[in-house]
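Read through the structure below, which is laid out as structure tokens, and then see the notes.
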Amino acid sequence: MNTTTAARRAPSFTQSVVLVAEREITTRLRSKSFLITTGILLLLVLGGVIAGGIMSKNVSTTPVAVVSSVSSELSNVPGLELTVVDTRADAEALVTDGTVDAAVVPSEEGAAVPVTVIAESEAPSSLMQGLSLSPELILLDPSDTSYLLSYLAAFAFGIVFFASGMTFGPMIAQSVVEEKQTRIVEILMSAVPVSALMAGKVIGNSLLAFAQIVAIAVLAVVGLSVTGQAELLTVLSAPLLWFVGFFIIGFILLAALFAAVGAMVSRQEDLGTTMTPVTMLIMLPYFAIIFLHDNPVALTIMSYVPFSAPVGMPMRLFLGTAAWWEPLISLALLIVTAALAVLLGSRIYNNSLLKVGSRVSWSQAIKG
Amino acid sequence: MLQLDNITKSFGARTALDGVTFSVRDSRMTGFVGGNGAGKTTTMRILLGVLSSDAGEIQLDGAPLDAEQRRRFGYMPEERGLYPKMKVREQLVYFARLHGFTQAAAGRNADSLLEELGLGERRDSTLESLSLGNQQRAQIAASLVHDPEVLVLDEPFSGLDPLAVDTVVEALKQRAASGASVLFSSHQLEIVERLCDDLVIIADGRIRASGEREELRTQHSAPRYSIVCSSDLGWLRGEPDITVVEFGGGHATFDAAEPAAAQRVLRRAMADGDVTSFSPQRASLAQIFREVI
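Chains A and B, in that order, give the protein sequences. Quick note on this note's numbering: the first sequence kicks off at 1 and runs consecutively. Quick note on this note's numbering: the second sequence kicks off at 369 and runs consecutively.
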């Protein structure tokens, strides 16, 4: 029986993983429910971007005080409602009492730029954009980002992680149960190592989830640029990159756990019970971020707890409350947890895959 | 040749396999027979590496069996299953690739196999849209698609209509003829009897009999003969060492205490008239099965 050895070379572990991952991906891409969910998610993001664009256009006039000697500097800036005052002190007074959002005053002697902008807590973007030469900026009450923006960012990070976790997690578990329920798993196990099976599932689905958030990110970036909200991008870009990093590792953590709990049952109907603890691990951080994002202590804790870190840490980076080394430590913690989850997950997976009938108990699944 | 040596397996306090030893020879069909819970499926799972044994060794061509060689095994588990929503050909290609085939070679194998098993027209149907019998054929195809050198089939004929049984039998015989070792279990003893060259009988986790089918039949046969003759055989009753079991003028069935006595009967009958039939009665598989377990 050597007729076919030329066509056959035993696949390496990696090749087996790739094959399994490939099947996961093509199966998903053909499933209507998956395509519809993705479409809805993208539409939501698009809607959010457009709504944001309309809102930013509506706040078209910004009240600005200007000292008469430099009022000519602002004559060409659109969207401003000018109040001309005589002295810098008058202008500052108007800013402080909230009559205007910002004041434009002559710079100190010898400054490179002729005007200085004074604002309460943040510089009005329409004014800053309108002044073609970047003026010196003095904040009287500095705070890095506005409340609304931070709320929106928290919500966006949270919902993306939540949505991906809740779409792909159960999907992974279901695909494990399907193989167990249809007993195909025995054929698979006789062809490839169990660890390759699980790795392929986790990697295939993680790649899909990742592709999905990349699509969302691209849509958001393009949308924000087109609707003239590009300045939001510069604020978001670094946290966004961190979010992607955290997301990948965080997702692998979840995927491994979902694969493991999927292996513990023999029928789709029983999946709910074993999946609940893992679902909680997605839900709790999501709600915590939504409700506690303006509580610095809670947010700091959440930015280190592995399950909420993918949302919490980018959030703190965005707010500017995290030192440069903090995301590194948090990411390291997440990587360690993910590695442990993969080990635990593959152990449960290994021990449970051939056990048919009633649900495999946690102790059985872990001890074997 | 695949050799199982003293394989033992327990699940908790229950001993599933107790010193299972037998061999599956190249180019031969080996039937694996036993009641429910006798240990057939466990043995097959251990052969495939899906389960690990507690003790004992499996050798392929004299060397311990490893995962690499198991890639060249074909397996059909007792509980059937393929991906319900995947197209038949696609699944076969996937399985062949998992066993190390290139995409192109996997496609060629899948196509010819689907033709051979009469599934050519359903190649692009999803599995769940096939009739049960066709799903069974697809299952067989999945175990054959990577040209396995050793085939381990757990109840390959259950659920097949007689026509499909013939198709599958043909396919298996052909694999054996081209050098593969085929081990299959079945409850349908008459199929096993018709198909197998070698036989392994297991009960309560122990091998009760194994070897060439004909040899086993001879071993387990009573020394019983039947004879048909043109003259009356009444004289048989008076012969020494002969016990008549059934008699009806020109034909009789008798037990001989020793083969020489039967030959003596034949010679006398031929002297009296024309003998149209004289044959030792061989034990059927069902008889052997009942006898050993």
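Glycine included, every Cβ here is placed at the ideal spot set by N, Cα and C. Here the structure is a predicted model, which means the values were calculated and not measured.
Chain A has no Cβ within less than 8 Å of the Cβ of phenylalanine 379(B). In the three-state scheme derived from DSSP, where H, G and I count as helix and E and B as strand, phenylalanine 400(B) is classed as strand. Approximately 17 Å separates the beta-carbon atoms of isoleucine 203(A) and leucine 334(A); this is outside 8 Å, ruling out the contact. For phenylalanine 552(B), there are no neighbours in chain A by C-beta distance under 7 Å, as the nearest C-beta there is about 16 Å away. Around the Cβ of threonine 410(B), a 10 Å sphere holds 16 or more other Cβ atoms; the residue is buried. Two segments are said to touch when three or more pairs of C-beta atoms, one from each, lie closer than 8 Å; by this definition the segment 381-400 of chain B does not touch the segment 293-306 of chain A. Glutamate 558(B) counts as exposed, since fewer than 16 other C-beta atoms from the protein chains shown sit within 10 angstroms of its C-beta. Of all residues in the segment 446-458 of chain B, those with a C-beta nearer than 8 Å to a C-beta of chain A are Glu447, Arg448, Gly449, Leu450, Tyr451, Pro452, Lys453, Met454, reading in chain order. Taking 4 residues as the shortest admissible run, the segment 601-661 of chain B contains the following complete alpha helix (DSSP H) segments, listed from N- to C-terminal end: 627-640, 653-660.
Contacts between valine 192(A) and chain B, judged by CB atoms closer than 7 Å, involve Leu466 in chain order.
The Cβ-Cβ distance between proline 193(A) and glycine 468(B) does not fall below 8 Å.
Straight across, the Cα-Cα distance linking leucine 354(A) with tyrosine 451(B) is about 17 Å. Assignment of asparagine 295(A) by DSSP, reduced to helix, strand and coil, places it in the coil class. In terms of Cβ geometry, valine 104(A) and valine 117(A) form a close pair [threshold 8 Å]. Between glutamine 649(B) and serine 594(B) a beta carbon distance of about 6 Å is seen, short of the 8 Å cut, so the two are scored as contacting.
Between glycine 245(A) and leucine 331(A) a beta carbon distance of about 7 Å is seen, short of the 8 Å cut, so the two are scored as contacting. With the criterion set as a beta carbon lying under 8 Å from some beta carbon of chain A, the members of the segment 415-432 of chain B are Leu416, Gly417, Val418, Leu419, in sequence order.
DSSP, reduced to helix, strand and coil, places lysine 180(A) within a helical segment of the structure shown. Residues of the same chain with a CB within less than 7 Å of the CB of threonine 274(A), apart from the 5 flanking positions on each side, are Val261, Met264, Val265, Arg359 in chain order. A residue is called buried when at least 16 other Cβ atoms come within 10 angstroms of its Cβ; serine 237(A) does not meet this threshold and is exposed. Non-local beta-carbon contacts of arginine 23(A) in its own chain, meaning distances under 7 Å to residues more than five positions away in sequence, are absent. Here glutamine 174(A) is actually not in contact with leucine 19(A); their C-beta atoms are around 20 Å apart, not less than 8 Å. Counting only runs that start and end inside the segment 416-486 of chain B, the alpha helix (DSSP H) elements of at least 4 residues fall at 435-438, 456-466, 471-484.
DSSP lists Phe622(B), Pro648(B) as the beta-bridge partner residues of tyrosine 593(B). Judged by DSSP secondary structure, lysine 201(A) falls within the alpha helix (DSSP H) whose first and last residues are 194-226.
As DSSP reads the structure, valine 105(A) sits in a beta bridge with Thr116(A). Asparagine 374(B) has its alpha-carbon roughly 11 Å from the corresponding atom of glutamine 427(B). For leucine 385(B), the beta-bridge partners assigned by DSSP are Lys377(B). Glycine 345(A): member of the alpha helix (DSSP H) spanning 326-352, first to last residue.
DSSP places threonine 27(A) in the uninterrupted alpha helix (DSSP H) bounded by 13-30. Annotation for proline 63(A): the continuous beta strand (DSSP E) segment containing it runs 62-67. Around the C-beta of glycine 641(B), fewer than 16 other C-beta atoms lie within 10 Å, and the residue is accordingly described as exposed. For the 8 Å CB-CB criterion, aspartate 429(B) and serine 549(B) do not form a contact. With contacts defined by Cβ atoms closer than 8 Å, threonine 62(A) and proline 106(A) do not form a contacting pair.
The three-state reading of DSSP puts glycine 579(B) in strand, counting E and B together.
Among the residues facing chain B, isoleucine 184(A) is included, as its CB has a counterpart in that chain under 8 Å away.
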